[in-house]
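Residue numbers (the numbering used here): -2 to 257. Ideal Cβ positions, reconstructed from N, Cα and C, are used throughout, including at glycine. This one's a predicted model, so the numbers in the text were calculated from it and none came from an experiment.
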DNA sequence: ACCTCGACCTGCAAGC
DNA sequence: TGCTTGCAGGTCGAGG
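See the structure below:
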């Protein structure tokens, strides 16, 4: 998409999680894509018009890229799935299709002046893989929080982009119980606790490893705790059995032996 | 201001 | 086979 012009936008329904904004397709058509960025779980596509296309995949959203004119069996028409909701046709011959069975995804178009006031973006915590994210930042964000550590990690204001799988994975890597109050890793006397140091490092390691696996298209990815209820803990020397609990309506997986 | 809960949707697997 | 139930990678508004 980067550098290309958006020649055509086809909306195959009127809404995803929310309605598309007024004039969505018209405001996109003919515009050039300046960049394709990400902040937390949001995709940001600034355009030459001064608008930014804001997108979120929700739970089940995905993009597919087809090459116009590429050979396909039978006709030259591209196949359309019933959950293909938006089709972008680009000047470089690419056709980018947004598919989302559950429609928890989101597309919005926001003028740059208003973008800075966009609530979720404005309040979003630090990018975990950026230099600015460390034990001190994490500890500060957890200060005074009465929620559990697991629920705090899912709060995008604490740290950006950590979802339900990697919240559990990071806590296991840091050997911290998901049930602890978030405030228990907060700063004492100006210095982050060892638990905050471990958790900040674990988040980075777990996310980098996950991105790596995806980059290598390794679909054999094995989680250490996620979806492993009843299975043995994978920590060396630990004889624990992975447990599943529900926190804030979401599944949490952890080892009750090595996570404290 | 902070927190928890249910709602929003469809698809799939397990159990009966 | 066909029904029901529960669960799924995420927000977000209502209400406590």
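Rounded to a whole number of angstroms, what is the C-alpha to C-alpha distance between residue i and residue j?
i, j, result
"residue 115", "residue 157", "15 angstroms"
"residue 224", "residue 78", "29 angstroms"
"residue 176", "residue 226", "17 angstroms"
"residue 16", "residue 43", "20 angstroms"
"residue 195", "residue 23", "49 angstroms"
"residue 144", "residue 179", "6 angstroms"
One question on the structure: do residue i and residue j come within less than 8 angstroms of each other, judged by their Cβ atoms?
i, j, result
"residue 231", "residue 173", "no"
"residue 31", "residue 45", "yes"
"residue 27", "residue 2", "yes"
"residue 6", "residue 83", "yes"
"residue 251", "residue 168", "yes"
Drop a sphere of 10 angstroms on the beta-carbon of residue i, count the other beta-carbons inside from all chains shown, and report buried for 16 or more, exposed for fewer.
i, result
"residue 70", "Any reading at residue 70 must be qualified, since the residue scores a pLDDT of 45, below 50, and its modelled position is unreliable; the value itself is stated next. When all chains shown are included, residue 70 counts as exposed."
"residue 249", "buried"
"residue 51", "buried"
"residue 126", "exposed"
"residue 96", "buried"
"residue 166", "buried"
"residue 120", "exposed"
"residue 37", "buried"
"residue 186", "exposed"
"residue 208", "exposed"
Residues in its own chain within less than 7 angstroms of residue i by CB, not counting five upstream and five downstream?
i, result
"residue 136", "182, 183, 184, 189, 190, 193"
"residue 99", "55, 56, 57"
Would you kindly report the start and end of the unbroken beta strand (DSSP E) that includes residue i?
i, result
"residue 18", "Residue 18 -> no beta strand (DSSP E), and no H or E assigned at all."
"residue 14", "Careful: residue 14 lies outside any beta strand (DSSP E) and carries neither H nor E."
"residue 115", "Segment: none, residue 115 is in no beta strand (DSSP E) and carries neither H nor E."
"residue 89", "Premise fails: residue 89 is in no beta strand (DSSP E) and is neither H nor E."
"residue 251", "247 to 251"
Taking residue i as part of the alpha helix (DSSP H), name the residues at either end of that continuous run.
i, result
"residue 39", "Counting along the chain, residue 39 falls outside any alpha helix (DSSP H), though it belongs to the beta strand (DSSP E) covering 39 to 43."
"residue 166", "161 to 170"
"residue 148", "146 to 151"
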